[in-house]
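Asker:
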Amino acid sequence: MADQVPSHMNGYLLEEFNKPYVYHTDIPIPKLEPGTLLIRVKVAGFCHTEFMVKKGLYSSPLPLVPGHETVGVVAAIGEGVQEFQIGDRVGTLLYRGACGTCRECIRGTPEYCADIQLAGLTSNGGMAQYALADVNWTVRLPDGMSFARVAPLMCAGATVYHSLLRSGVEHGIIGIIGVGGLGHLAVQFAKAMGHRVVAVDTRAAPLELCRSLPEHLQADLVFNANELDANGMLTRVKESLVDEGVGLPATGLDAVLVCTDAHPAFALGIEILAKHGTLVFVGLPERPVPMPYTAFVGKDITVVAGCLPCGRWSGVGAGGVYRKYQGKEIEGKRWMSAKEVMEEMLVLVEKVKMHVELTEYPMDEIERLVTEFGSEKSKGKLVLRVEDD
Numbered sequence: 001m002a003d004q005v006p007s008h009m010n011g012y013l014l015e016e017f018n019k020p021y022v023y024h025t026d027i028p029i030p031k032l033e034p035g036t037l038l039i040r041v042k043v044a045g046f047c048h049t050e051f052m053v054k055k056g057l058y059s060s061p062l063p064l065v066p067g068h069e070t071v072g073v074v075a076a077i078g079e080g081v082q083e084f085q086i087g088d089r090v091g092t093l094l095y096r097g098a099c100g101t102c103r104e105c106i107r108g109t110p111e112y113c114a115d116i117q118l119a120g121l122t123s124n125g126g127m128a129q130y131a132l133a134d135v136n137w138t139v140r141l142p143d144g145m146s147f148a149r150v151a152p153l154m155c156a157g158a159t160v161y162h163s164l165l166r167s168g169v170e171h172g173i174i175g176i177i178g179v180g181g182l183g184h185l186a187v188q189f190a191k192a193m194g195h196r197v198v199a200v201d202t203r204a205a206p207l208e209l210c211r212s213l214p215e216h217l218q219a220d221l222v223f224n225a226n227e228l229d230a231n232g233m234l235t236r237v238k239e240s241l242v243d244e245g246v247g248l249p250a251t252g253l254d255a256v257l258v259c260t261d262a263h264p265a266f267a268l269g270i271e272i273l274a275k276h277g278t279l280v281f282v283g284l285p286e287r288p289v290p291m292p293y294t295a296f297v298g299k300d301i302t303v304v305a306g307c308l309p310c311g312r313w314s315g316v317g318a319g320g321v322y323r324k325y326q327g328k329e330i331e332g333k334r335w336m337s338a339k340e341v342m343e344e345m346l347v348l349v350e351k352v353k354m355h356v357e358l359t360e361y362p363m364d365e366i367e368r369l370v371t372e373f374g375s376e377k378s379k380g381k382l383v384l385r386v387e388d389d
């Protein structure tokens, strides 16, 4: 089933690593497969992953349509799809084409299937007029939520939301290091989940953004790491926050999400964690991050990978998240697919009226977007307007 869909489309291709994207008017429209949708793209987010793909760090096949934060309108429906209709407003994660028969698929984590395709990394993404989406990772958008506001939630928002669940902390003290594109969303999700939040950055623009968030979603403490070291931060935490589990002044943070690729941020995260705390890797550093073994052992620190949603038990927890036992419940929890986690996230975004800071660029200014991405003045998320609403 399809609307009026042409045979070719306009869009960008990455043809050479470390070179500008090239605009084309004759890119073949993606072919529908069973269980897929063809989306007429409205907005595509630009994520740190795009930056790394552009540099060749993932050895992606070229030429490639970039972009994996894709939102738009359903233009055509593949065989076997019943839950969507042409014209539906949707957003999609980057996954497509799990085999359904391997160990990961059977255990409920098809995101780790060896056959999985990743939009913007191993297959064409969303920075063109049309994009292919797998219904297993596609969600309807809430009424009234703009395409531009939702696009960053399809990776950045989903990643930090799931990372907070992975931290295993309930109603604790959470640190967010790096409060830019991902971090300002993490601060708000953490507050919405009932945590006390400590926000840390070294750049003026993200810190200013953090202080200007909706009052009920602002961090409890905001630190500039250029002006205050770990000991100074811990002193402020002890003076201001109470460990509600024991009713005593906090000695550190229960979990820290590192939402930047800057190496000093990971060391700082370890220093400001309380004993038995959890360090969540969200940033994507290009080089290996050295870790002080003695600090991990001495403070009994757990390290967790911050990642996009995948199959998990409902609720909060870092342990046993990926172990699905068919037909069995664990402590009253239920197994949730990544799609259900995404739907849960979008409900929360609307419920608490989360702010998504973004800068929107027209289609012909993609290189300005790339240049300004990650600059000192950059704050929030950057998105490419592919087509007007």
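Read in the UniProt record's numbering, the sequence shown has 334 at position 334, and its numbers run on one by one without any break. Just so you know, even glycine gets a beta-carbon here, dropped at the ideal spot from N, CA and C. The structure displayed is predicted, hence computed values, not measured ones.
Smallest Cα separation from Trp137: which of Thr36, Pro285, Glu104 and Lys275?
Answerer: Numbered from 1 along the sequence shown, position 137 holds the residue referred to as residue 137. For Trp137, the nearest C-alpha among the options comes from Thr36.
Asker: Apply the 10 Å Cβ neighbour rule to Gly380 and answer buried if 16 or more other Cβ atoms are within range, or exposed otherwise.
Answerer: Position 380 of the sequence shown, counted from the first residue, corresponds to residue 380. Counting Cβ neighbours within 10 Å, Gly380 comes out buried, since at least 16 surround it.
Asker: Whose C-beta lies closer than 7 Å to the C-beta of Cys113 among residues of the same chain, with five residues either side of it excluded?
Answerer: Counted from its first residue, the sequence shown places residue 113 at position 113. Answer for Cys113: Ala98, Cys99, Cys102, Glu104 and Cys105, listed in chain order.
Asker: Select from Gly87, Met154, Asn231 and Leu213 the residue whose C-alpha is nearest the C-alpha of Lys339.
Answerer: Taking the sequence shown and counting its residues from 1, one reaches residue 339 at position 339. Answer by Cα proximity: Met154.
Asker: According to DSSP, is Ser163 part of a helix, a strand, or is it coil?
Answerer: Looking up residue 163 in the sequence shown gives position 163. DSSP, read as helix, strand or coil, puts Ser163 in helix.
Asker: Do Phe46 and Glu69 come within 9 Å of each other at the CB atom, strictly closer than that value?
Answerer: For this step, residue 69 is matched to residue 69 along the sequence shown. For this step, residue 46 is matched to residue 46 along the sequence shown. Against a cut-off of 9 Å, the Cβ pair of Phe46 and Glu69 comes out as a contact.
Asker: At the level of alpha carbons, what is the spacing between Leu13 and Leu241?
Answerer: In the sequence shown, residue 13 corresponds to position 13, counting from 1. In the sequence shown, residue 241 corresponds to position 241, counting from 1. Computed Cα separation, rounded: 50 Å.
Asker: Considering only residues of the stretch 60-103, which uninterrupted beta strand (DSSP E) runs meet the minimum length of 3 residues and lie entirely inside it, listed in chain order?
Answerer: 69-77 and 89-92
Asker: Near Tyr322, what residues of its chain come up, given a Cβ to Cβ distance below 6 Å and the 5 sequence neighbours on each side ignored?
Answerer: Looking up residue 322 in the sequence shown gives position 322. Residue placement at Tyr322 is flagged as unreliable, the pLDDT there being 42, under the threshold of 50; the coordinate-derived value follows with that caveat. So the qualifying residues of the chain are Thr109.
Asker: For the candidate residues Asn124, Thr92 and Cys259, whose alpha-carbon lies nearest to that of Val65?
Answerer: Sequence index remark: in the sequence shown, residue 65 carries index 65 (1-based). Comparing Cα positions, the closest option is Asn124.
Asker: Just the C-alpha distance for Gly91 and Gly72, rounded to the nearest angstrom, thanks.
Answerer: Within the sequence shown, the letter at position 91 stands for residue 91. Within the sequence shown, the letter at position 72 stands for residue 72. Roughly 6 Å between the two C-alpha positions.
Asker: Assuming contact is defined by CB atoms lying nearer than 9 Å, are Val280 and Arg166 in contact in what I supplied?
Answerer: Taking the first residue of the sequence shown as position 1, residue 280 is located at position 280. Taking the first residue of the sequence shown as position 1, residue 166 is located at position 166. By the CB criterion at 9 Å, Val280 and Arg166 fall inside the cutoff.
Asker: Can you grab the Cα-Cα spacing for the pair Gly194 / Leu346, in whole Å?
Answerer: For the purposes of this step, residue 194 is taken as residue 194 along the sequence shown, with counting starting at 1. For the purposes of this step, residue 346 is taken as residue 346 along the sequence shown, with counting starting at 1. C-alpha separation (whole angstroms): 17 Å.
Asker: In chain order, which continuous runs of the beta strand (DSSP E) of length 3 or greater are located wholly inside the stretch 1-25?
Answerer: As far as the stretch 1-25 is concerned, its whole beta strand (DSSP E) runs of at least 3 residues are 8-13.
Asker: Note down, in chain order, each residue of its chain lying with its Cβ closer than 6 Å to the Cβ of Val169, except the 5 sequence neighbours on either side.
Answerer: Sequence index remark: in the sequence shown, residue 169 carries index 169 (1-based). Once the five neighbours on either side are set aside, the close Cβ partners of Val169 are Asp254 and Ala255.
Asker: Can you tell which of Ala186, Lys54, Gly181 and Pro61 has the C-alpha that lies nearest to the C-alpha of Tyr21?
Answerer: In the sequence shown, residue 21 corresponds to position 21, counting from 1. Answer by Cα proximity: Lys54.
Asker: By the DSSP assignment, the beta strand (DSSP E) with Asn231 in it spans what residues?
Answerer: In the sequence shown, counting from the first residue as 1, residue 231 sits at position 231. Counting along the chain, Asn231 falls outside any beta strand (DSSP E), though it belongs to the alpha helix (DSSP H) covering Ala230 to Ser240.
Asker: Could you spell out where the beta strand (DSSP E) holding Pro362 opens and where it closes?
Answerer: As a working note, residue 362 is residue 362 in the sequence shown. First-last of the beta strand (DSSP E) with Pro362: Leu358 to Pro362.
Asker: From Val200, Val5, Gly245 and His24, pick the residue whose C-alpha is nearest to that of Leu38; which is it?
Answerer: The residue you call residue 38 lines up with position 38 of the sequence shown. Residue Val5 is the option with its Cα nearest to Leu38.
Asker: For Met336, which of helix, strand or coil comes out of DSSP?
Answerer: Along the sequence shown, read from residue 1 onward, the residue named residue 336 stands at position 336. Three-state result, Met336: strand.
Asker: Would you call the CB atoms of Ala219 and Leu268 closer than 9 Å?
Answerer: Along the sequence shown, read from residue 1 onward, the residue named residue 219 stands at position 219. Along the sequence shown, read from residue 1 onward, the residue named residue 268 stands at position 268. Not a contact, by the Cβ cut-off of 9 Å.
Asker: Among the residues of its own chain, which have a CB less than 7 Å from the CB of Pro214, if the five just before and after it don't count?
Answerer: Residue numbering aside, residue 214 sits at position 214 when the sequence shown is read from its first letter. Answer for Pro214: Lys353 and His355, listed in chain order.
Asker: Could you spell out where the beta strand (DSSP E) holding Arg40 opens and where it closes?
Answerer: Position 40 of the sequence shown, counted from the start, is the residue given in the question as residue 40. Element bounds for Arg40: Thr36 to Phe46.
Asker: Ends of the alpha helix (DSSP H) at Asp270?
Answerer: Walking along the sequence shown from the start, residue 270 turns up at place 270. Checking the displayed sequence, the identity of residue 270 turns out to be Ile instead of Asp. Residues His263 to Ile272.
Asker: By DSSP, does Asn224 sit in helix, in strand, or in coil?
Answerer: Looking up residue 224 in the sequence shown gives position 224. The answer is strand: DSSP assigns Asn224 an E or B state.
Asker: Helix, strand or coil for Arg312 per DSSP?
Answerer: Taking the first residue of the sequence shown as position 1, residue 312 is located at position 312. Residue state, collapsed to three classes: strand.
Asker: Taking all protein chains shown into account, decide if Gly80 is buried (16 or more other Cβ within 10 angstroms of its Cβ) or exposed.
Answerer: Walking along the sequence shown from the start, residue 80 turns up at place 80. Its Cβ having fewer than 16 others within 10 Å, Gly80 is exposed.
Asker: Based on DSSP bridge pairs, tell me the residues matched to Phe281.
Answerer: If you number the sequence shown from 1, residue 281 lands on position 281. For Phe281, the beta-bridge partners assigned by DSSP are Val258 and Ala305.
Asker: Any idea what DSSP makes of Pro28, helix, strand or coil?
Answerer: Here residue 28 is taken as the residue at index 28 of the sequence shown, counted from 1. It is a strand residue.
Asker: Measuring only the C-alpha atoms, how far is residue 403 from Gly232?
Answerer: Residue 403 lies beyond the range of the chain shown here (1 to 389); nothing can be said about it.
Asker: Considering only their Cβ atoms, is the gap separating Ser163 from Cys307 smaller than 9 Å?
Answerer: Position 307 of the sequence shown, counted from the start, is the residue given in the question as residue 307. Position 163 of the sequence shown, counted from the start, is the residue given in the question as residue 163. Contact flag set, yes.
Asker: Does the beta-carbon of Gln85 have 16 or more other beta-carbons within 10 angstroms, so that it is buried, or is it exposed?
Answerer: Locating residue 85 in the sequence shown gives position 85, counting from the first residue. With fewer than 16 Cβ atoms within 10 Å of its Cβ, Gln85 is classed as exposed.
Asker: Return helix, strand or coil for Ile176, following the three-state DSSP convention.
Answerer: Numbered from its first residue, the sequence shown carries residue 176 at position 176. Looking at Ile176 - three-state DSSP - the assignment turns out to be strand.
Asker: How many Å lie between Gly327 and Val341 at the Cα?
Answerer: Along the sequence shown, one-based indexing puts residue 327 at 327. Along the sequence shown, one-based indexing puts residue 341 at 341. Low confidence applies to Gly327: its pLDDT is 43, below 50, so where it sits in the model is not reliable enough to give any reading.
Asker: Starting from Thr294, trace the beta strand (DSSP E) both ways and give me its first and last residue.
Answerer: Counting from 1 along the sequence shown, the entry for residue 294 is found at position 294. First-last for Thr294: Tyr293 to Lys299, but that is the alpha helix (DSSP H), not the beta strand (DSSP E).
Asker: So which of Glu208, His263 and Tyr58 has the shortest CA-CA distance to Met291?
Answerer: The residue labelled residue 291 in the question sits at position 291 within the sequence shown. Answer by Cα proximity: His263.
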